[in-house]
Structures are given as C-alpha cells and as structure tokens.
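Trainee: Residue numbers (the working numbering): 963 to 1362.
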Amino acid sequence: MTSRTVTLLDVARAAGVSKSTVSDALQGSGRVAEATRDRVRAVAEDLGYRPNSAARRLRRASTGAVGLHLPATATRLDYYMNLAFGAVERAQEDGLDMVLLAPSGAAGGRIASRVDGLLVIDPEPGDSAVPGLLDAGVPVVTGERYLGPATGPSGAVVCDNAASLTALLDHVTERGARRPALLAPSGSSAWATALRATAGSWGRAHGVAVTLRTVPFAATPAEAEAATLALLAADPAVDAVICAPDGSAPGALRAAAALGRKVGASSPSGACGATNASGSSGATSTSGAIDGNGRTGEGSRTEHDRSEGGRTEHSKPGSPGSPDAAAGPVGAGLLVASCVDGTATRGAEPPVTAVDLRPAAYGRACAELLCDILAGRTAPDTVRRHSWSLETRTSTGPPG
963 MTSRTVTLLD
973 VARAAGVSKS
983 TVSDALQGSG
993 RVAEATRDRV
1003 RAVAEDLGYR
1013 PNSAARRLRR
1023 ASTGAVGLHL
1033 PATATRLDYY
1043 MNLAFGAVER
1053 AQEDGLDMVL
1063 LAPSGAAGGR
1073 IASRVDGLLV
1083 IDPEPGDSAV
1093 PGLLDAGVPV
1103 VTGERYLGPA
1113 TGPSGAVVCD
1123 NAASLTALLD
1133 HVTERGARRP
1143 ALLAPSGSSA
1153 WATALRATAG
1163 SWGRAHGVAV
1173 TLRTVPFAAT
1183 PAEAEAATLA
1193 LLAADPAVDA
1203 VICAPDGSAP
1213 GALRAAAALG
1223 RKVGASSPSG
1233 ACGATNASGS
1243 SGATSTSGAI
1253 DGNGRTGEGS
1263 RTEHDRSEGG
1273 RTEHSKPGSP
1283 GSPDAAAGPV
1293 GAGLLVASCV
1303 DGTATRGAEP
1313 PVTAVDLRPA
1323 AYGRACAELL
1333 CDILAGRTAP
1343 DTVRRHSWSL
1353 ETRTSTGPPG
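1) Where do the N-terminal and C-terminal ends of the beta strand (DSSP E) with residue 1031 fall, by residue?
2) Just the Cα atoms here: how many angstroms apart are residue 1329 and residue 1205?
3) Could you give the distance in angstroms between the alpha-carbon of residue 1357 and the alpha-carbon of residue 1310?
4) Pick from 1144, 1224, 1060, 1130: whose alpha carbon is nearest that of residue 1303?
5) Classify residue 1347 as helix, strand or coil using the three-state DSSP reduction.
6) What is the C-beta distance between residue 973 and residue 1009, in whole angstroms, given that I count them as a contact (C-beta under 8 angstroms)?
7) Excluding five sequence neighbours on each side, which residues of the same chain lie with their C-beta closer than 7 angstroms to the C-beta of residue 1353?
8) Counting along the chain, where does the beta strand (DSSP E) carrying residue 1205 start and finish?
9) Please classify residue 1261: does DSSP put it in a helix, a strand, or coil?
10) To which residues of the same chain is residue 1045 closer than 6 angstroms at the C-beta, ignoring the five residues directly before and after it?
11) Locate the beta strand (DSSP E) running through residue 1175, then write down its first and last residues.
12) Which term fits residue 1345, buried or exposed, when burial requires 16 or more other beta carbons within 10 angstroms of its beta carbon?
13) Applying the criterion that 16 or more other CB atoms from any shown protein chain within 10 Å of the CB defines a buried residue, is residue 1136 buried or exposed?
14) Going by DSSP in three states, residue 1163 sits in which element: helix, strand or coil?
15) Is any non-hydrogen atom of the ligand NAP found closer than 6 angstroms to the C-beta of residue 1190, if you look at the structure I gave you?
16) Quick one: which unbroken beta strand (DSSP E) runs of 3-plus residues sit fully inside the region 1037-1085? Chain order, please.
17) With the cut-off set at 7 angstroms, would you say residue 1157 and residue 1127 are in Cβ contact?
18) Could you check how far apart the C-beta atoms of residue 1170 and residue 1142 are, in whole angstroms? I think they sit under 8 angstroms.
19) Can you tell me which of the three DSSP states residue 1007 falls into?
20) When you compare the CB positions of residue 1027 and residue 1005, do they come within less than 7 angstroms of one another, or not?
21) In three-state terms, what does DSSP make of residue 1306?
22) Does DSSP put residue 1197 in a helix, a strand or coil?
23) Ignore the nearest five residues each way along the sequence and tell me which others in residue 988's own chain have a CB closer than 7 angstroms to its CB.
24) Mind the definition here: the region 1086-1093 touches the region 1105-1116 only if three or more C-beta pairs lie below 8 angstroms; say whether that holds.
25) Pick from 1062, 1058, 1055: whose alpha carbon is nearest that of residue 1043?
26) In this structure, how does DSSP classify residue 1111 when only helix, strand and coil are distinguished?
27) Would you call the region 1157-1168 and the region 1190-1203 in contact, with 3 or more CB pairs under 8 angstroms?
28) What do you get for residue 1000, buried or exposed, if any count of 16 or more other CB atoms within 10 angstroms of its CB means buried?
29) Are the beta-carbon atoms of residue 1186 and residue 1148 separated by less than 7 angstroms?
30) Counting C-beta neighbours from all protein chains within 10 Å, is the total for residue 1230 16 or more, i.e. buried, or is it exposed?
31) Under 7 angstroms Cβ to Cβ from residue 978, same chain only, skipping five residues before and after it: list those, please.
32) Considering only the alpha carbon of each residue, which of 1153, 1065, 1097, 1220 lies closest to residue 1038?
33) At the level of alpha carbons, what is the spacing between residue 1313 and residue 1133?
34) Could you give the residue range of the alpha helix (DSSP H) that holds residue 1332?
35) From this set, 1218, 1101, 1207, which residue's C-alpha is nearest residue 1300's C-alpha?
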C-alpha cells in the first residue's frame, strides 16, 4: 500500500487495536499504554501511513515541545552547536522544550505525535529524512530554503549567501588578489548551491574565472589542506583561495606553511589593515590568496619582506585576467579567509578573516519564527532574513 491509500482502519487492523486507539496513539492523546502506543506508531510507519488533509486540520493537543533536525555532520561543527543553543534558548522563552532529532530522522507521522512543530536546518534534497519531516502534519520552519520537491515548509529564515561570498571576493581582491579560487562545498543545499553559483556570477562580472574545487560539505582541516595543495599544484597562478566549510580554514594555513607562503602578506597592490563591515543578510565563505610563482624558500618571500622603506620592488600587476596578473606577482604572500567564523578562525595563527553568521542568533531567529507561527502571531509561509558581518583579521593583511 502507498502513503496515499493507507487509512487509520488499515493501521488498526494490522496493530490489532481499535481505530480510536490508533487515532489516540498517533496524536499523543487518550489513555493508551506506552507499549501499545509504540506498537501502533511502528505499524503506521511500516505501512507508510500519513494523516489525511482533514485530519491535519483538526485541533491538536499541545505536546509542549518542538523538534530540531540538523545535518548529519552537525555534531562536529561549531556553527551548528551554537545554532542549536540559540534555538533551545528561544524555544524555552515560549515554554517549549527542544527535542534533538536523530540525523536519520523518523517517519513524519510518528514525529508529529511528539512535537508541536519542527525546525529543519540546512535541509539537503538528498537527505531522505527531510521529505517526511516537511510532510509531518505540523508547522515546519527551515533554516535556509529547501530546494527539493517535497511539500514546502511553513516558514523559513534565510541568509544572503551570495552577498557574503561577494563580500569575501571583493575583500581579497581589494587586498591584492587577482586569481581567486573557491573550495566549494559539495551537495545541493541552498548554501552550497548559492556559493557555487555566486563564484561564477562574480567571476563573469569582474572578467575573472574563479577556479572551483569541490570539497565535502563539512570538510576537515586535513581535507582543506590537501585540496589547497592540489589546487596550487594544478594552477600555481592562483592567488586567492576561498575555503567554504566551517572549521576548515586551518587546513589552508597549513598548506600555506608547507609551501613557504607568508599568510597575510599583501601583494604589490594589497590594501592595508583590517576593518569591520556588516551586511543586512548573509551566509559564510572562506578565502585565501596565494602567490603565483609556486616556489618555496627564498623565492617565496613576500613583497613586504623584499621591500625597503615600505615600498615593493615590483610595479602593480595588471587588471584581473591580464597576462601579468595571470602569471602571479613574484613573492606575493597568501591571504586566507573563511565563510564561517568560529573558534577555529578566531584562534588560528594568524587569526583568520571570516563571515560571522551569528549562529546563536540565527538559531534564535528560526525558533522565534516557529513559536510565532504556533502561537498565531505570524502567518504561515513567512520568510525572514538574518544578518551577517565580515570580520577582517590578520590573515588577509597586516593590521592598520
């Protein structure tokens, strides 16, 4: 039987109980023994039962809890842990407990009987649990848009991922980068998709091809280091590397050290010190610029090291895409930045320029929208935007 044809009566017959017992068990109401409730839910899940549209419109008794679904890789990422803490804090302000769902998820009908609503963060179309969550029969708010074919959420909180990557590309260009590259996250989430698309559109607008190298969505520092080394081996003229995954920037720093690049050293046209800039909305991205000669040791000294009286020995390179820019300025250093700010970027040596997505505040914003929808303070289908800031540090240039 399909999810469209399975009825309460089908579940009742398979479970050996009455139709009313099935209804009470799935809705979390009535006096149903826990063992019976679990058996009914298991049978409903096995049969693929989904509440019909009329049942979804029925008034539900509040469970006093909401569920939180994070990507499977979230447990080792600083960003998602901070986001979860923010969401828990905001839910508690409305008297709601937060239930962290297993990464593999569970049948929507089973979850719907345990929570009043759901938060689904960075939903990936390839995540088999997401369609069931979106079709669970309770209000659902997503952190970032869902690009898959399932039923849409009740609301969403989004960042302007294109704007944040644009800010990073503009920043490293202002600091002297002429051949940027992106260590792009794999997958088809809204964040990953936007970063890859923006690298192309920014490159076309500036007449520069942004080199793409795909890395895992949650690439480790070791994976980022290997990708950076391979990138520079394939194209030594690359002088800016944008490393997207959270916490992976230290890998780019290690790659720079292995190649003798001086991180944070300006190219001949590089600007001076770090400043702060804010955006009205945003996501995250990592960037690093590397000298174009591919040499180590004496040959890889920075322009600052080779200068006298603050002036470099080489003239300003040509515009992006020109032959002299493509060759890479001799002795240029490496600029490193990150799409996601956190402990790894702030505590690195040198500290790494990063986009601060304010994850705790983002979690609060997602939980607040869900609470507002549940309380009737906000209509469903509401989309809210979350702000970000660009924190520039030593890794993209010396302090001013």
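Here a beta-carbon is modelled for each residue, glycine too, at the ideal position from N, C-alpha and C.
Mentor: Here's the rundown:
1) Per DSSP, residue 1031 is one residue of the beta strand (DSSP E) stretching across 1027-1031.
2) 29 angstroms
3) 9 angstroms
4) 1130
5) Residue 1347 falls in the strand class under three-state DSSP.
6) The pair is a contact, with the Cβ atoms about 6 angstroms apart (cut-off 8 angstroms).
7) Answer for residue 1353: 1238, 1303, 1315, 1316, 1318, listed in chain order.
8) 1202-1205
9) Note on residue 1261: pLDDT 30, under 50, position unreliable in the model; the coordinate value appears next. In this structure, residue 1261 counts as helix in the three-state DSSP scheme.
10) 1321, 1324, 1325
11) In this chain, the beta strand (DSSP E) harbouring residue 1175 covers 1173-1177.
12) Taking every protein chain shown into account, the CB of residue 1345 has fewer than 16 other CB atoms within 10 angstroms, so this residue is exposed.
13) exposed
14) helix
15) Questions concerning the ligand NAP fall outside what the structure shown contains, since it holds no ligand whatsoever.
16) Within the region 1037-1085, the complete beta strand (DSSP E) runs of at least 3 residues are 1059-1062, 1079-1083.
17) yes
18) 7 angstroms
19) helix
20) no
21) helix
22) coil
23) 1002, 1003, 1006, 1071, 1075
24) yes
25) Taking only the C-alpha atoms, the option nearest residue 1043 is 1062.
26) coil
27) no
28) exposed
29) Not in contact: residue 1186 and residue 1148 (Cβ atoms no closer than 7 angstroms).
30) The predicted position of residue 1230 is uncertain, since its pLDDT is 48 and thus under 50; a value taken from the coordinates is nonetheless stated next. It is buried - the Cβ of residue 1230 has at least 16 other Cβ atoms within 10 Å.
31) none
32) 1065
33) 16 angstroms
34) 1321-1336
35) 1207
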